[in-house]
Structure formats: C-alpha cells, structure tokens
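Asker: Top to bottom, those sequences are chains H and B. With the first sequence counted from 1, adding 9 to any position gets you this note's numbering. With the second sequence counted from 1, adding 92 to any position gets you this note's numbering. All C-beta atoms, glycine included, are put in the ideal place defined by N, C-alpha and C.
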Amino acid sequence: LTAEQVRQIKGAFQALPDTQRSLIELAYYGGLSHSEIAARTGTPLGTVKTRIRTAMDMLRERMDATK
Amino acid sequence: MSDARHDDFAAAAAAYALDALTPDERRAFEAHLATCAECQADVASFRGVSVGIGLATDPVDPPSGLKARVIARATGQAAVAAPAPTPARVVEFHDRRSPSSGWLAAAAGLLLAAASGMYAWSLHTQLESVRSNQTEAARRESATRAEIASLRQQSQQLARTVEVVTAPDVVRVTMAGTPAAAHATGRGYWSQTRGVLFNADGLPALQTGRIYQLWIVLPNQAPISAGLLGVNANGSGSLSTAPPLGVAVPRAATVTMAITNEPGTGSPGPTTPILLAGNTRTE
C-alpha cells in the first residue's frame, strides 16, 4: 500500500454514508461478526452483509484507482 | 466460478477480510474459498482495503511486542487439538456351541455386552472431550477477537493522541487542582485542526448523575464546553474531542482550561466552582 492509497482510503472512508461507515467500524474496531452487528443494530442480516460489501467495494475502487 | 453457490458467498469475502464472519460462516466460506479463484482475488484485495482502513485511521506503528502477543495467542489456540482416540477394545470369543458349553456362550455374550457398553461409554467420553475442546477453542477465538479489537482501539487512541499533541497549532495547558480538589492534576491539548485531548488524575469521585466538564476559556468570551468525562476509582479520566471546536485557537491570547462538576448531560456554562485549571501563560 502506498501513502497515496492510504490517503485515498481515508478520504473514501470518511465519505462513506454513516450507515455503511458505522458497520465497518463495528466490525473492525468492535470485533463483531455481521450477525452480531445485525442483532445489535436491529438491521436485517442481509442488509448488513450488502452494506459491508458495498462499502468495501467502494473503498477498493478508490484504492485501485490510485495504483 | 460464478455458480449459485458462489453468489451465496459474494458478500462473505468482504466480511471475511474484516474478520466479521462467525466461526461457522468462516469455515463454510474457507471451504468455498479453497476452490474459487474469484473469491481468492476478492479476499486478497479486500485484505488490502482492511489494512488500509487500519492505516488510514491509525498512522502509528503498533507497539512492539503486539505482533508477538497476537501470534502467541493464535498459536495457543492452534495447540488445542482433539485427544487421540483410545483404541477400541477387541473382544474375542470362540463359539464352542457344544451342548455342554451353552453357559460359555452366555458368558461370552455377557462379556461382549459389557465390552460394548464400555466402548460406548468411552466413545461418549471422547465426544464430551471433543465438545469441550470445541467450546474452549471457540472461547479462545472470541477472546482473541476481543483482544484484537481492543488493541485496534488502543492503537487508534494512541494515534489520535500523537496526532493532537504533534499538531502544528496545538496549545498545551498544564492544570492544577484548586483547594476543592487539591490533589488533582491535569493536562490539556487543543488543536483547531485535530481536536482536544485532556487527561486528569486525582479528581474527587463523582456522585451519581454528575459528570466533569472541560471548559476552554478565551479572554472576553463565555467558556466553551470541550466535552464531558467521568473518572475511575483513582480519580483519573480522559477526554478526546474531534475538531473543530467552533472557535479558532488564538495565536497570542491566553487560553485557559478548567474542569467543573456538572449534571450528567453537561451544562451550557459552568455552574459550580472550578476544581482544576491552568492556562497557556504558565507553560
């Protein structure tokens, strides 16, 4: 990872919709599985899975764009 | 591979890279992963994103020894293995079904029944042991996850501390207790671009429903709330507030920081005498 990629991810991470960013934070800093996140936030499991995937896709695109 | 089974796992690769699958889900996904080049590529790139998230929110190297601790923990977990099965008891008897040896066949039958019972019991014991090992492994795994999460949080806090303390526009205030909290000491940092950081020791215990509030006071202005904090049994507490605070860090004027004891949700302005205070002039 280059410094530029990290900068891009940071920007993209902060630009994520709150609903997506908070899910990633719960998984990454909270150490929660997506089922646990679904139970805690009252969000359907399918929605949690899709949002995490969408958010990670977006971060990946930004990272790949600076390769 | 893009069959129906793969589609089931489409969301899993991202969660896997974030460590957000339950043990069962992870096992199922890893079984699929072994046979799916597309998922392998997904996991590899998402791992990069996951590392990037860590770096993006956390520009500081992990403390030395962290890696060793995590590896030791992981190795300890790997060391939990099912016990070697005890060899099955082999019961041999000869069928000498002569008229006079009917009792022998009966005795042998009893022996066989007893041996089967013992064998079943031994299997049962092994099963219990495997189950308890599984529970132990799951417990360790969840402990390891919790530790990693906590280390990530610590690392992020550390990164934030470094960020604020090293900010080019930071002002630093050393605070001393007033007679009402003579043993209290504190230190505050304020950067317009990176936020406020404060920690204190020796503050009196808080009554239920009360909280400490940090104020930043600039000349000829009403005190600005910089956040709320509780204290532990030792009277220590800390506070970290994201920027910006609504006012700019003055270049020349004196900045005063002060702590008061306020109702649980904080107050718009200080309502009780100051317990801890200091200003930039004393630096």
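(1) Under a three-way DSSP split, which group does Tyr38(H) fall into?
(2) I want to see whether chain B comes within less than 7 Å of Gly51(H), judged by CB atoms only; does it?
(3) Using a threshold of 7 Å, state whether the C-beta atoms of Ala64(H) and Ile33(H) are closer than that.
(4) Would DSSP call Pro247(B) helix, strand or coil?
(5) Answer yes if the segment 317–331 of chain B comes into contact with the segment 294–305 of chain B, meaning at least three C-beta pairs across the two stretches below 8 Å, and no otherwise.
(6) Looking at C-beta atoms only, is the number of pairs between the segment 344–363 of chain B and the segment 302–320 of chain B that lie closer than 8 Å three or more?
(7) By how many angstroms is the C-alpha of Ser283(B) removed from the C-alpha of Ala364(B)?
(8) Helix or strand or just coil, what does DSSP make of Ala350(B)?
(9) Verify whether the separation of the beta carbon atoms of Thr333(B) and Gly319(B) is less than 7 Å.
(10) In the DSSP assignment, what residue or residues form a beta bridge with Gln305(B)?
(11) Since Thr127(B) meets chain H, which of its residues come closer than 8 Å, beta carbon to beta carbon?
(12) According to DSSP, is Ala268(B) helix, strand or coil?
(13) With H, G and I counted as helix, E and B as strand and the rest as coil, what does DSSP make of Asn225(B)?
(14) Taking a contact to mean a Cβ-Cβ separation below 7 Å, would you say Ser142(B) touches Ala109(B) in this structure?
(15) Could you tell me whether the Cβ atoms of Val265(B) and Thr372(B) are closer together than 7 Å?
(16) What's the C-alpha gap between Asn225(B) and Leu243(B)?
(17) Excluding sequence positions up to five away, which residues of its chain have a Cβ less than 8 Å from the Cβ of Tyr314(B)?
(18) In this structure, does DSSP put Thr28(H) in helix, strand or coil?
(19) Listing by chain order, which chain H residues have their CB less than 9 Å from the CB of Ala107(B)?
(20) Please decide whether Leu215(B) counts as near chain H, where near means a Cβ-Cβ distance under 7 Å.
(21) Quick one: list the residues of chain H neighbouring Thr114(B), beta-carbon separation under 9 Å, in chain order.
(22) Can you pull the chain B residues whose beta carbon is under 7 Å from the beta carbon of Arg69(H), in chain order?
(23) According to DSSP, which residues form a beta bridge with Tyr281(B)?
(24) What does Gln14(H) touch in chain B if you count any residue whose Cβ is under 7 Å from its own?
(25) What did DSSP end up calling Ser359(B) once you bin it into helix, strand or coil?
(26) Let's see if you can read the secondary structure: which residues bound the beta strand (DSSP E) around Ser330(B)?
(27) So, helix, strand or coil for Ala369(B), using DSSP?
(28) Does DSSP put Val339(B) in a helix, in a strand, or in coil?
(29) Under 9 Å Cβ-Cβ, which residues of chain H neighbour Arg460(B)?
(30) What in chain H is Cβ-close to Ile240(B), meaning under 7 Å?
(31) Looking at Val257(B): is its Cβ nearer than 7 Å to the Cβ of Val341(B)?
(32) Give me the Cα-Cα distance between Leu289(B) and Asn353(B), rounded to the nearest whole angstrom.
(33) What separation, rounded to the nearest whole angstrom, lies between the Cα atoms of Ala268(B) and Thr277(B)?
Answerer: With the structure as the only source:
(1) Counted from its first residue, the first sequence places residue 38(H) at position 29. Three-state DSSP puts Tyr38(H) in coil, outside helix and strand.
(2) Counting from one through the first sequence, the residue named residue 51(H) turns up at place 42. No, no contact with chain B.
(3) Here the question's residue 64(H) lines up with position 55 in the first sequence. Here the question's residue 33(H) lines up with position 24 in the first sequence. Yes. Within cutoff.
(4) Locating residue 247(B) in the second sequence gives position 155, counting from the first residue. Note that residue 247(B) is Ser in the sequence shown, not Pro. The answer is helix: DSSP assigns Ser247(B) an H, G or I state.
(5) Judged by pairs of C-beta atoms under 8 Å, the segment 294–305 of chain B touches the segment 317–331 of chain B, as three or more such pairs exist.
(6) yes
(7) Translated into positions along the second sequence, residue 364(B) becomes position 272. Translated into positions along the second sequence, residue 283(B) becomes position 191. As written in the sequence, residue 364(B) is Thr, which differs from the Ala given in the question. One C-alpha to the other measures close to 26 Å.
(8) Position 258 of the second sequence, counting from 1, holds the residue named residue 350(B). Assignment of Ala350(B) by DSSP, reduced to helix, strand and coil, places it in the strand class.
(9) Reading the second sequence from its first residue, position 241 is the one you call residue 333(B). Reading the second sequence from its first residue, position 227 is the one you call residue 319(B). Cβ atoms of Thr333(B) and Gly319(B): closer than 7 Å.
(10) Taking the first residue of the second sequence as 1, we reach residue 305(B) at position 213. Its beta-bridge partners are Leu320(B), Thr352(B).
(11) Working through the second sequence from its first residue, we reach residue 127(B) at position 35. Result: empty, since nearest Cβ-Cβ is about 20 Å, beyond 8 Å.
(12) For this step, residue 268(B) is matched to residue 176 along the second sequence. DSSP, reduced to helix, strand and coil, places Ala268(B) within a strand of the structure shown.
(13) Along the second sequence, read from residue 1 onward, the residue named residue 225(B) stands at position 133. Here Asn225(B) sits in helix by DSSP.
(14) As a position in the second sequence, residue 142(B) is number 50, starting the count at 1. As a position in the second sequence, residue 109(B) is number 17, starting the count at 1. Ala109(B) is positioned such that its CB atom lies closer than 7 Å to that of Ser142(B).
(15) Residue 265(B) sits at position 173 when you count from the first residue of the second sequence. Residue 372(B) sits at position 280 when you count from the first residue of the second sequence. In contact: Val265(B) and Thr372(B) (Cβ atoms closer than 7 Å).
(16) Position 133 of the second sequence, counting from 1, holds the residue named residue 225(B). Position 151 of the second sequence, counting from 1, holds the residue named residue 243(B). When rounded, the distance between both Cα atoms is 26 Å.
(17) As a working note, residue 314(B) is residue 222 in the second sequence. Reading off the sequence, residue 314(B) comes out as Ala, not Tyr. Once the five neighbours on either side are set aside, the close Cβ partners of Ala314(B) are Gly361.
(18) Translated into the one-based positions of the first sequence, residue 28(H) becomes position 19. Of the three classes helix, strand and coil, the one that applies to Thr28(H) here is helix, per DSSP.
(19) Looking up residue 107(B) in the second sequence gives position 15. Here the neighbours are Ala36, Ser42, His43, Val57, Lys58, Ile61, Arg62, Met65.
(20) Here residue 215(B) corresponds to residue number 123 of the second sequence, with the count starting at 1. With 7 Å as the cut-off, Leu215(B) does not count as an interface residue toward chain H.
(21) Walking along the second sequence from the start, residue 114(B) turns up at place 22. Residues of chain H passing the Cβ test: Ser42, His43, Ser44, Glu45.
(22) The count along the first sequence starts at 1 and reaches residue 69(H) at position 60. Simply Ser137, Phe138, Val141.
(23) Start at 1 with the first residue of the second sequence, and residue 281(B) comes out as number 189. Answer by DSSP bridge pairing, in chain order: Arg264(B), Leu289(B).
(24) In the first sequence, counting from the first residue as 1, residue 14(H) sits at position 5. Here the neighbours are Gly144.
(25) Here residue 359(B) is taken as the residue at index 267 of the second sequence, counted from 1. If DSSP states are grouped into helix, strand and coil, Ser359(B) belongs with coil.
(26) Walking along the second sequence from the start, residue 330(B) turns up at place 238. It spans 329–333 - the beta strand (DSSP E) in which Ser330(B) sits, taken as one unbroken run.
(27) Here residue 369(B) corresponds to residue number 277 of the second sequence, with the count starting at 1. Ala369(B) falls in the strand class under three-state DSSP.
(28) As a working note, residue 339(B) is residue 247 in the second sequence. Of the three classes helix, strand and coil, the one that applies to Val339(B) here is coil, per DSSP.
(29) Summary: the structure shown does not reach residue 460(B), with chain B confined to residues 93 through 375, and so no result is reported for it.
(30) Against the second sequence, residue 240(B) aligns to sequence position 148. Identification of chain H residues near Ile240(B) by a Cβ-Cβ cut-off of 7 Å yields Gly40, ordered along the chain.
(31) By 1-based counting over the second sequence, the position of residue 257(B) is 165. By 1-based counting over the second sequence, the position of residue 341(B) is 249. The answer is no: Cβ separation not under 7 Å.
(32) For the purposes of this step, residue 289(B) is taken as the residue at position 197 of the second sequence. For the purposes of this step, residue 353(B) is taken as the residue at position 261 of the second sequence. For Leu289(B) and Asn353(B), the distance between alpha carbons rounds to 18 Å.
(33) In the second sequence, the residue the question calls residue 268(B) occupies position 176. In the second sequence, the residue the question calls residue 277(B) occupies position 185. Answer to the nearest angstrom: the Cα atoms are 5 Å apart.
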